[in-house]
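Written out below as structure tokens is the structure these notes cover.
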Amino acid sequence: MVSKSSGRQSFRHDVLIIGGGAAGLSLALRLPEHLKIAVITKEQDSVSSTYYAQGGISAVLRKDDSFESHIADTMNAGVGLCDPEVVKFTVEHGPENIQWLAGLGVPFTTDQHKNGSKSYHLTREGGHSHRRVIHAADATGKAVETSLINHARHQANIEIFDYHISIDLITGKKLGLPHNRCLGAYVYNKKRKHVETFQARFVILATGGASKVYLYTSNPDTSTGDGIAMAWRAGCRVANMEFMQFHPTCLYHPDARTFLLTEALRGEGGYLLLPDGTRFMDQFDPRAELAPRDIVARAIDHEMKRLGVECLYLDISHKPAAFITSHFPTIYARCLELGIDMTKQPVPVVPAAHYTCGGVMTDLNGRTDVPNLYAIGETAFTGLHGANRMASNSILECLVFAEAACKDIGEHLAEPADWVKISDWDESRVTNSDEEVVVSHNWDELRRFMWDYVGIVRTDKRLKRAKSRVDLLLSEIDEYYGNFRVSNDLIELRNLALVADLIIRSAQRRKESRGLHYTLDYPAMDDSQPARNTILNPDS
0 MVSKSSGRQS FRHDVLIIGG GAAGLSLALR LPEHLKIAVI TKEQDSVSST
50 YYAQGGISAV LRKDDSFESH IADTMNAGVG LCDPEVVKFT VEHGPENIQW
100 LAGLGVPFTT DQHKNGSKSY HLTREGGHSH RRVIHAADAT GKAVETSLIN
150 HARHQANIEI FDYHISIDLI TGKKLGLPHN RCLGAYVYNK KRKHVETFQA
200 RFVILATGGA SKVYLYTSNP DTSTGDGIAM AWRAGCRVAN MEFMQFHPTC
250 LYHPDARTFL LTEALRGEGG YLLLPDGTRF MDQFDPRAEL APRDIVARAI
300 DHEMKRLGVE CLYLDISHKP AAFITSHFPT IYARCLELGI DMTKQPVPVV
350 PAAHYTCGGV MTDLNGRTDV PNLYAIGETA FTGLHGANRM ASNSILECLV
400 FAEAACKDIG EHLAEPADWV KISDWDESRV TNSDEEVVVS HNWDELRRFM
450 WDYVGIVRTD KRLKRAKSRV DLLLSEIDEY YGNFRVSNDL IELRNLALVA
500 DLIIRSAQRR KESRGLHYTL DYPAMDDSQP ARNTILNPDS
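Quick note on numbering that gives the first Met the number 0: the sequence shown kicks off at 0 and runs consecutively.
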């Protein structure tokens, strides 16, 4: 239902999905076709972290592999903080979800055998003890996202609202009702530059992570932590926000600021090199280039600082050129555009913020602390990743928990809808801003001090400096938000600053080094007590 009686558009759907990546779209496609579904996307529908994922999806698909091995590898990468029940649940539902994607036509890469048969080509990435990463060449995310969006576009019950960004969730508590159910969201239409009201029986946050809080990131500009911030303001707990994964190898070039070099390059034999051409990873871990990402990223960061250089190098030129161009066509083509022939020379690399391992706390069905509100994908903290996400477990989590949320929603469809009157967004007491420079300045300052003080290596002193700066920014942003009309940049800045605060507060609470959180003040893990999650509660 669409209403325009007050001059503002308002919409009513059965299900509102905020986010159009693998998590959001796979849920939309799985829900019963008699439901009216709205999918909110910030840009064009393909602009998501899923689209840019190169490596693949981990799942047990060979007889020489096992669920037990995949579980053990995931638990090992998570450094004592993975939830065993969640890991088992996710891994065991992996193969069926790969088959679901294949059924949608995702063109996974195959091997041709001598007897004429074909099988999926599986690669190996850091932390995995077997080849279990299924992929579509080196553009798996693009293949998955394209297939999902094509199906969603042709499904009559799914409406996709491009160029919309959610501002805040609408809950019973905010409306002064006796319950705190999630009732919908206020959403900013970026083209028409006004706020619309979306009401729904079920609301799903699938907005991805918050890597844009850092100066250097492999993620698209849309990764601004919107779902995490909105859930926090709605009353949801968040957990383990200190565990921000930095991908070890992003292409270092002024014209390629977010181009990722997939971990599969190292899985297929690529070496990490110092500027003089010597390998160094074996000095940091016996698994060398195939060590988990936190170890590799810290090693690269250490060597860059030790040598005072701006980048290190990734070299796979010792492999046959035909192998490189067939397995990594996207990377090869992009590097060649920039004057780098990876079949003949090493590629310059630096670490960059890549994945948010913490997020909104959920159960095995994707349910949050607020009734009728779900969180899936990178937005959520399920307990799968622990202190460090293992390579290619991310899209797997999106698929498995989208399926779980779908089943849970299905079990509650018989319950009567509780539609309430929701007022339009009130802009009667705000004006247009004449100081947009405040937003751009604060955006830049936030991302720089997060990179400098809350990056790969931390200290108590750096965290204290970051906390004092983010407190000032939050105060400025709150005043600005209360006086001026919203814009895309202001909405994202407001969310990023809040998420930065949650990251800093979580990091300050962890008095040890574990996984992705490394501090010079506490360089070892604290084995004197059981490993614990860092849980923040908005009500305390």
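Just so you know, even glycine gets a beta-carbon here, dropped at the ideal spot from N, CA and C.
The structure presented is a predicted model; accordingly, all values stated were derived computationally and were not measured.
(1) From this set, Val-346, Val-498, Asp-459 and Gly-140, which residue's C-alpha is nearest Tyr-521's C-alpha?
(2) Report the residue ranges of all alpha helix (DSSP H) runs contained in full by the region 82-134; include only those spanning at least 4 residues, in chain order.
(3) Between the region 397-413 and the region 21-34, are three or more C-beta pairs nearer than 8 Å?
(4) What separation, rounded to the nearest whole angstrom, lies between the Cα atoms of Asp-417 and Phe-201?
(5) Using 8 Å as the Cβ pair cut-off and three pairs as the minimum, do the region 245-252 and the region 344-360 touch?
(6) Keeping to the same chain, check which residues put their C-beta closer than 8 Å to that of Ile-421; ignore five residues upstream and five downstream.
(7) Do the region 267-282 and the region 306-318 touch if we need at least three Cβ pairs shorter than 8 Å?
(8) Measuring only the C-alpha atoms, how far is Gly-54 from Asn-536?
(9) Return the chain-ordered ranges of every alpha helix (DSSP H) run that is complete within the region 366-442 and spans a minimum of 4 residues.
(10) In three-state terms, what does DSSP make of Leu-501?
(11) Output needed for Lys-466: all residues of its chain with C-beta closer than 6 Å, excluding positions within five of it in sequence on either side, in chain order.
(12) What do you reckon, are the CB atoms on Thr-381 and Val-59 nearer than 7 Å?
(13) Please state the DSSP three-state secondary structure of Leu-250.
(14) Give the DSSP bridge partners of Asn-188, in chain order.
(15) Just verifying my parser: in three-state terms, what is the DSSP assignment at Cys-181?
(16) Tell whether a beta-carbon distance below 7 Å holds between Thr-89 and Leu-515.
(17) Hey, would you say Gly-77 sits closer than 7 Å to Gly-385, going by beta carbons?
(18) Taking C-alpha atoms, which residue in Val-453, Asp-470 and Val-469 lies nearest to Leu-462?
(19) Can you list, in chain order, the residues of its chain with a C-beta nearer than 8 Å to that of Arg-232? Leave out the 5 residues immediately preceding and following it.
(20) So, under 8 Å CB-CB, Met-341 and Val-237 are touching, yes? Tell me the CB distance rounded to an integer number of Å.
(21) Please classify Asp-314: does DSSP put it in a helix, a strand, or coil?
(22) Would His-12 pass as a contact of Ala-37 if the rule is Cβ separation under 7 Å?
(23) So, for Thr-216: in the same chain, excluding its five sequence neighbours on each side, which residues have a beta-carbon less than 8 Å away from its beta-carbon?
(24) Hey, Trp-450 and Tyr-213 are a contact pair by Cβ (cut 8 Å); roughly how many whole angstroms apart?
(25) How long is the line joining the alpha carbons of Leu-103 and Arg-468, rounded to whole angstroms?
(26) Along the chain, where does the beta strand (DSSP E) containing Pro-347 start, and where does it finish?
(27) By the DSSP assignment, the beta strand (DSSP E) with Phe-322 in it spans what residues?
(28) Exposed or buried, which one is Lys-510 when buried takes at least 16 other CB atoms within 10 Å?
(29) By DSSP, does Tyr-51 sit in helix, in strand, or in coil?
(30) Using the beta-carbon count (16 or more within 10 Å), is Lys-41 buried or exposed?
(31) How many whole angstroms separate the CB atoms of Ala-151 and Ala-374, which I take to be in contact at a CB cut-off of 8 Å?
(32) Spatial neighbours of Cys-334 within its chain, please: CB distance less than 8 Å, with the 5 preceding and 5 following residues excluded, ordered by chain position.
(33) Residues in the same chain with beta-carbon distance under 6 Å from Ile-489, minus the five sequence neighbours each way, listed in chain order, please.
(34) In the DSSP output, what is Val-69 paired with across the bridge?
(35) In whole angstroms, give me the CA-to-CA distance for Ala-155 and Val-105.
(36) Rounded to a whole number of angstroms, what is the C-alpha to C-alpha distance between Asp-362 and Pro-83?
Looking at the coordinates:
(1) Asp-459
(2) 83-91 and 93-102
(3) yes
(4) 11 Å
(5) yes
(6) Ser-9, Ile-169, Leu-174, Leu-182, Gly-183, Thr-196 and Gln-198
(7) yes
(8) 35 Å
(9) 393-410
(10) helix
(11) Ile-503
(12) no
(13) strand
(14) His-163 and His-193
(15) strand
(16) no
(17) yes
(18) Val-453
(19) Asp-167, Leu-168, Leu-497 and Pro-537
(20) Not really, about 39 Å apart at Cβ, beyond 8 Å.
(21) strand
(22) yes
(23) Ser-210, Ser-222, Thr-257, Ala-351, Ala-352 and His-353
(24) 5 Å
(25) 47 Å
(26) 346-355
(27) No beta strand (DSSP E) contains Phe-322, which is instead part of the alpha helix (DSSP H) from 320-326.
(28) exposed
(29) helix
(30) buried
(31) No, Ala-151 and Ala-374 are not in contact; Cβ-Cβ is about 20 Å, not under 8 Å.
(32) Leu-250, Asp-340, Met-341 and Val-346
(33) The displayed chain sequence assigns Leu, not Ile, to residue 489. Within the same chain, Leu-489 has close Cβ partners Val-438.
(34) Here the sequence assigns His to residue 69, which means Val is not the residue at that position. DSSP lists no partner for His-69.
(35) 21 Å
(36) 13 Å
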